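In UniProt numbering, the protein residues as written are 1 to 118. Data first, discussion second: the structure below is written as structure tokens.
In structure tokens, the structure reads:
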């Protein structure tokens with residue numbers, strides 16, 4: 001490109017936003033709501049919104065950090081009442097895979113709990 005006189009000074013690279021929040025990113029208050037949409041909210045959005053809201057990155061049941069045997073472990077997002085449309089902060093929690101598998105609402109395999117908010 002330099003041979004052809006093309007300016008590349010504006011190229012920022014693949015990871016030019018790494019570590020920075022996008023100026024167009026949704027705020028936690030706009031993500032952590034009950035919605036009626038036909039699709040689930042992306043896990044990455046929920047995880048970021050919980051982090052922005054000050055939720056500690058540890059299992060809400062057993063307190064384990066996101067590490068297992070010295071290796072990174074992804075904590076899973078659990079909808080306490082089993083309703084994936086209910087993304088309110090009080091209905092979401094981070095759980096280690098072991099604790100998540102022992103919940104009544106894991107993998108939608110069991111009945112969800114009904115709440116007065118429904």
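Ideal Cβ positions, reconstructed from N, Cα and C, are used throughout, including at glycine. Predicted model, so just to flag it, every value in this text is computed and none were measured.
Between residue i and residue j, which are expected to be in contact by the criterion C-beta below 8 Å, what is the C-beta distance as a whole number of angstroms?
i: residue 57; j: residue 94; result: 7 Å
i: residue 32; j: residue 85; result: That belief does not hold up - the Cβ atoms of residue 32 and residue 85 are roughly 12 Å apart, past 8 Å.
i: residue 6; j: residue 43; result: Rounded, the Cβ-Cβ distance is 39 Å, inconsistent with contact.
Determine the extent of the alpha helix (DSSP H) in which residue i is found, giving its start and end residues.
i: residue 101; result: 97-101
Out of the options, point me to the one whose CA is closest to residue i's CA.
i: residue 39; options: 83, 92 and 97; result: 83
i: residue 96; options: 104, 73, 30 and 105; result: 73
i: residue 45; options: 59, 30 and 36; result: 30
i: residue 61; options: 99, 42 and 92; result: 99
i: residue 52; options: 5, 26 and 10; result: 26
i: residue 75; options: 90, 48 and 81; result: 48
i: residue 54; options: 105, 104 and 28; result: 28
i: residue 34; options: 105, 103 and 91; result: 91
Checklist line | Whole alpha helix (DSSP H) elements within the region 30-86, 4-residue minimum | finding: List check, alpha helix (DSSP H) in window: 43-52.
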